[in-house]
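Only one structure is covered here, and it is reproduced in the block below.
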Amino acid sequence: MHEWALAEGILATAEQIAEQEDLESISEVTIRVGELQQVEPPILRFALKQLRGGKLKDAKFRILKAKSTLKCRVCTTTWQYSSKKIDKATAEAIHFVPEVAHSFVKCPKCGSPDFEIASGRGVWLEDLKGAKAN
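For the sequence shown, position 103 (counting from the first letter as 1) is numbered 1166 according to the working numbering, and the numbering increases by one without interruption.
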């Protein structure tokens, strides 16, 4: 359950930013999670709520999805990954092990399975809202 480790990192980073920005408290944290990042947002949200404290004790968490863009290494075509174009079991396999996408997803232009994930991986803090210290 790497969501708990991610939650710890997110909270620590938010606390650091709060210190740098002289925030007394943080009311909202917006997090963006790559579509192919192997993160279950409900588990991440639960972990964040369970682990929060200090300046984040009353914070609300918004978790947004970052779409994935794929780029063919053969013809350089780029396209958006869509789990709706494949069956549910395959989409689930790709969610847990994104590298298997090469077995199921092909370039829409040339049909090659040789592509890179150009965007849609990673977890980052997109925004913090809070109150300044007096």
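For glycine and all other residues, C-beta sits at the position ideal for the given N, C-alpha and C.
Nearest residue (CA-CA) to residue i, options the options
i       : options                               : result
ALA1070 : GLY1097, ILE1106, GLN1101 and VAL1168 : ILE1106
ASP1190 : PHE1178, SER1175, PHE1124 and ALA1110 : PHE1124
Boundaries (first-last residue) of the alpha helix (DSSP H) holding residue i
i       : result
ALA1075 : 1065 to 1083
GLN1113 : 1104 to 1114
THR1139 : Per DSSP, THR1139 belongs to no alpha helix (DSSP H) and is neither H nor E.
DSSP state of residue i mapped onto helix, strand, coil
i       : result
LEU1188 : strand
Segment limits, beta strand (DSSP E) that includes residue i
i       : result
ILE1126 : 1123 to 1129
LEU1133 : 1132 to 1135
SER1088 : 1086 to 1097
Length of the line joining the Cα atoms of residue i and residue j
i       : j       : result
ALA1068 : GLU1087 : 25 Å
PRO1161 : LYS1118 : 35 Å
ALA1122 : ARG1136 : 42 Å
GLU1103 : GLY1193 : 26 Å
ASP1177 : GLY1185 : 21 Å
LYS1195 : GLN1113 : 24 Å
ARG1115 : GLU1082 : 16 Å
ALA1110 : LYS1120 : 13 Å
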